[in-house]
Structure formats: structure tokens, C-alpha cells
Amino acid sequence: MADSSTNSKPIRRTSRIPKPSLKAAESLYAANLQNSGFVAPVYTSSSDEEFMLYDSCESPEKPRHLHETDMVKGDKIFTFQRRKQKEGLAAKILEAQKTPFAVRNKMKSKIKEAFEDSGSEYEASEDDEDTSSETVSEEDEEVNVKNKIGQVTRNRRSVKPSGKYAIDSEEYFANSSGKIKTSNNTLDKLQTPRLAQYELKKLLTKRHSNQHASIIDKLSRDVEIQFNKWLYVLNQNFSILLYGLGSKENIISQFHEKYLQDELVVVVNGFFPSLSIKSILDNIIEDLLELKENSSNTTQAVELIIQDLKKTDTEFYLLINNIEAIKSAKAQSILADLAAVPNIHLVASIDHINAPLIWDHGKLSKFNFTWWDVTNYMTYQHETEYEMSSMTQHSSVLALSSLRNVFLSLTQNSKTIYLKVAKYQIEHSGQYYQGMAFKDLYMACRENFIVSSDLALRAQLSEFIDHKMIKTKRSMDDGTEYLIIPLANTLLQQFIEENSS
């Protein structure tokens with residue numbers, strides 16, 4: 331008899347997934363809610379204390395529509411349960427009861443023992459225990475202690491100030507008003523005394539390092555390469571204006587020596603304090619053009635120069651150091667008129683950053699400048715000799731260095747006259763010294779055949795007065811004219827010793 335198992339057909343398994351029972355569906359739904367975090371998990375333990383801990387926790391929320399006897403719509407069954415309020419979850423957290431402190435400690439010790447038995451390397455540190463105890467004690471204290479009126483607590487928010495302000499300018503002056511305190515400190519009270527003028531000059535002329543000197547020489551050579559271009563620009567009736575950091579006096583003098591030796595040249599140092607536009611015009615008329623006619627009016631003097639240049643077709647070069655130092659608007663207008671003449675070629679330099687502000691459009695069109703950067707980092711030695719610096723010792727008297735520079739440009743007779751006044755002031759200096767009388771100086775100069783008349787002596791003194799080397803004052807008693815040198819006796823004695831030979 332054949333085996334029945336060989337003739338029987340293979341068992342077919344259905345692909346249909348069996349529908350779980352109602353109890354299984356509820357368990358699956360509760361497990362999904364527990365994993366999603368919306369429902370607190372339910373732990374089972376034999377310990378009574380653990381049971382008491384989770385007694386207060388809510389059981390997983392079950393679907394309500396499945397157990398209702400009335401007719402229920404399909405969309406109510408298969409839709410997700412949503413919170414009716416936006417802050418519903420936060421409200422439930424606040425309503426939940428806090429775990430007591432004692433139960434929390436017991437749970438922590440049991441978890442620690444479980445980790446030790448399982449071989450975990452985790453150890454609860456003392457810091458964690460301290461922080462947890464502190465937070466719990468603070469929470470317990472907050473429950474027992476009532477909040478005082480006006481006391482800022484964690485549950486009480488501070489009122490933020492409003493960001494709307496009404497700007498009132500009068501409030502600034504009302505709040506800032508007060509007595510202005512002026513300090514009595516001066517530079518003379520410093521522990522380090524100020525430098526003398528000759529010491530400052532010595533420091534400025536001190537030799538630089540080899541590297542610095544080589545860089546300055548290279549910059550100077552780069553400027554000298556442009557001299558041919560300058561000469562071409564001047565012949566095209568343009569003026570040249572030099573700017574940049576460093577003194578330009580040496581550059582202008584080099585240009586004069588190399589290319590303008592055979593030309594008529596007038597050099598003007600604008601930084602000289604007693605310089606006037608009338609002295610510049612007189613120098614051009616009398617010394618350069620050698621005209622017999624001259625006018626005291628500057629406008630007529632300019633017309634006289636322009637007419638003579640047109641007649642003789644003479645050309646000359648006007649070289650001005652620090653043209654912005656001639657601050658008079660009238661003087662700048664006269665210089666612009668001279669620069670506009672085709673026979674006059676102007677080369678000027680500026681050092682002040684705001685120097686172009688002294689010229690308007692009319693003057694700039696007459697000057698017809700071409701701007702050249704000649705940065706060379708040379709010291710402003712001669713330009714600063716006449717400036718009153720807070721670094722040096724100075725007063726209303728004439729600085730010794732300025733006196734030396736002016737004295738070198740005088741004639742021999744002028745030097746002799748000035749030394750006579752200086753020696754007389756040293757010999758007769760005292761508390762009631764008024765100065766050397768003019769008649770005494772005239773008699774001394776006449777005996778040494780220095781001057782032949784009163785007018786010749788006054789002409790020499792006028793040059794001293796213009797350079798502020800001598801001051802004159804007249805006596806109130808008899809009207810005698812006295813001459814005095816505005817220099818300290820110690821400096822004047824040093825000056826006499828330097829020039830007595």
C-alpha cells in the first residue's frame with residue numbers, strides 16, 4: 331500500500347495577513363504611544379516603593395471611538411488624536427506631580443547598583459549629586475517661602491523698558507551742564523625739561539641709519555629723473571606744484587643748479603615770517619629786471635613787470651618754497667597774475683594738507699598747475715626754524731637759530747652795526763636797562779666810518795626791525811629813541827662769542 335504522504339498535495343500557505351484581535355490591537359497601540367514619547371511608560375516591579383512612584387502616572391490613552399455603542403463615522407476612527415490646545419502638553423507637564431526627594435534618592439541608588447552589577451563604568455560624581463540636591467532644595471524652599479512684594483523671582487518676569495524715545499536737545503545741555511575745571515598743569519612742570527632750539531636742530535640733523543639714508547637717496551634719484559619733464563612742462567606754459575611728505579627745498583635747489591644756471595631766477599622762501607608780496611615785487615623790478623621805475627602800489631607794480639616782459643621778451647623762473655605760507659588772499663592773487671604771464675615760469679611747493687583750499691577756481695585757472703608727488707622723507711629743518719614749537723624753550727623773544735640764519739645773509743657793515751648794539755646791551759644790562767640810544771649808535775658808527783649819515787643808519791636798522799632782530803621804543807620823558815635786542819643775555823653772549831672773530 332502506497333504511502334499516503336507521497337500522494338498528498340503540498341500544504342499551501344495563505345498570503346493574507348490575519349487581523350489581530352481587539353486586545354492585541356490595543357496593546358500595539360499602547361506600545362506605539364509609549365515609543366513616541368507622548369504617554370509615560372509603565373514599569374512593572376515587585377517593589378512596593380516603585381509601584382508607588384508610578385501610581386500617579388496616567389495609563390496609556392486608549393481609543394474612545396472603538397468602544398462607543400453609537401454610530402461612529404469612519405474619519406473619527408482612522409484619524410490621529412490631536413491636542414485641542416497649543417499649550418496642552420505644557421499644561422499637562424505643569425499639572426504632573428513632582429517626585430518626592432526621598433523616593434528620587436532611592437531610585438538613584440538602585441540605578442547605581444544596577445549599573446555596578448552590569449559591569450558598566452559609569453559612576454555618579456559628587457558634582458552631579460550636589461547639583462541635584464541643590465536644585466531639589468531650592469524647589470522645596472520656593473514652595474514653602476512666599477514671594478515678597480517687589481522681589482524678582484524665577485516665575486516673575488521683569489518689565490522691559492520701552493524702546494520709544496523722544497529726542498530733546500535741551501535735555502543734553504541740562505544733563506551736561508556743570509562747572510568746567512581748568513588744569514593748572516603746564517609744560518614747565520614736566521620732569522623732563524623742554525629742549526633748546528639748537529638741541530632740537532642738532533637732533534633733526536642727526537645722521538640716519540644706513541638703510542634709511544639709502545632709501546632717501548633712492549627717492550631723491552627718482553625725483554631727479556623727472557627734471558627733464560618739468561622743464562618741458564614749464565616751456566608749455568604750465569606751472570609745477572610739488573607735494574608729498576618731506577622737505578622740497580633741496581629738490582628745488584637741485585633743479586635750479588642743474589637746469590636753470592643760465593636763466594633769470596627768483597627764489598622765494600614762503601616760510602619766512604617777515605616775507606611780504608611787496609618785497610617779492612621789489613626784488614623782481616629792481617634786482618632782476620633792473621628797472622628804474624617802481625611803484626608803491628602792488629597792482630601797478632605787477633602791471634609794470636608785465637609790460638616790461640612784453641617789450642623785452644624776457645623770461646624768468648619763479649621758485650617758491652611753501653607757497654601756502656603766504657596766506658594773504660591779495661598776495662595769492664598777485665602770484666596768480668604773475669603765473670598767468672607766458673614769460674614767467676612758476677615752480678612751487680606745498681606741505682600743508684589743506685593748502686589747496688586757499689585757491690578758488692579763478693586763481694587755479696591762472697596758476698595752471700600740474701601736480702607732482704615728490705615724497706622724499708627729508709626733515710623740515712629750515713621750514714620749522716621759525717615755528718613756535720611746544721617741544722622747545724621759547725617765549726616772545728627771537729630764537730637764536732633764526733638770528734643766526736638772518737645774520738649770515740647780512741652785509742659786513744650791517745653785521746658790524748648789529749654787533750655794536752649787542753655788545754652795548756651786554757655791557758650795560760641791568761634791571762633798569764632801556765636800550766641803546768640811537769644817537770649813541772650813530773656816533774659810534776660814524777667814528778668807525780661805517781655810515782656817513784643819519785639816513786644810512788636808519789636804512790640799516792629798518793632791515794633789522796623787519797626781521798625782528800631789533801625793537802625800538804621811545805622814552806616818555808625826553809622822547810629819546812632806544813634800540814634793544816629781544817634776546818636773553820645768555821643767548822646774546824653766546825651769539826657774540828660765535829661771531830666776534
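According to my numbering, the residues represented by the sequence shown are 331 to 831, in order. Backbone N, C-alpha and C define an ideal beta-carbon position, used for all residues, glycine too. In this text the structure is predicted, and so the values were computed from the model without any measurement.
Per DSSP, reduced to three states, the secondary structure at M773 is helical. Here the stretch 581-590 does not lie against the stretch 622-639, with fewer than 3 beta-carbon pairs under 8 Å apart. The DSSP-derived three-state label of E443 is helix.
The Cβ atoms of L649 and I581 lie no closer than 8 Å to each other. If you look at T700, you'll find it isn't in any alpha helix (DSSP H); it sits in the beta strand (DSSP E) that goes 699-703. With the rule of 3 Cβ pairs closer than 8 Å, the stretch 591-603 does not count as touching the stretch 696-704.
DSSP, read as helix, strand or coil, puts L549 in helix. Annotated as proximal: E579 and H712, with beta-carbon spacing under 8 Å.
Beta-carbon to beta-carbon, E793 and S744 are separated by about 7 Å, close enough to satisfy the 8 Å threshold. Between K622 and A666, the beta carbon gap of about 27 Å keeps them out of contact (Cβ cut-off 8 Å).
Residue L730 holds the alpha-carbon nearest to the alpha-carbon of E828 among L785, L730, S782, S805.
Remark: fewer than three beta-carbon pairs, one from each stretch, lie closer than 8 Å, so the stretch 609-619 and the stretch 547-561 are not flagged as touching. Two segments are said to touch when three or more pairs of C-beta atoms, one from each, lie closer than 8 Å; by this definition the stretch 665-683 does not touch the stretch 540-556.
Scanning its chain for C-beta atoms nearer than 6 Å, with the 5 sequence neighbours on each side dropped, one finds around Y710 the residues S577, in chain order. For L785, the number of other beta carbons within 10 angstroms of its own is below 16, and it is reported as exposed. I780 places its beta carbon 8 Å or farther from that of L791. Note that the C-beta distance between L749 and I826 is below 8 Å.
Within the DSSP secondary-structure output, K353 pairs in no beta bridge. In this structure, the beta-carbon distance from V751 to L771 falls below 8 Å. Note that the C-beta distance between H691 and E654 is not below 8 Å. With a 10 Å radius around the Cβ and a threshold of 16 neighbouring Cβ atoms, S759 comes out exposed. Scanning M437, T628, C775, S695 for the CA closest to the CA of S569 turns up S695. Bounds of the beta strand (DSSP E) holding T802 are 801-804. Counting along the chain, H675 sits inside the beta strand (DSSP E) bounded by residues 674-679. Here I656 is near G600, since their CB atoms are less than 8 Å apart. The C-alpha of Q824 is placed about 10 Å away from the C-alpha of A818. When secondary structure is reduced to three states using DSSP, L813 falls in the strand class. Ranked by Cα distance from V553, the options N706, T644, A774 are led by N706. Cβ neighbours of A670 within its own chain (closer than 6 Å, five residues either side excluded): K696. For Y573, the enclosing beta strand (DSSP E) begins and ends at 569-573.
Around the beta carbon of Y763, fewer than 16 other beta carbons lie within 10 angstroms, which makes this residue exposed.
The Cβ-Cβ distance between I756 and C775 does not fall below 8 Å. Here the alpha carbon of S550 sits roughly 35 Å from the alpha carbon of D643. Taking C-alpha positions only, Y647 is separated from Q566 by approximately 13 Å. Straight-line spacing of the CA atoms in K753 and A631 works out to 41 Å. Under the DSSP definition of a beta bridge, Y647 partners with V595, H675.
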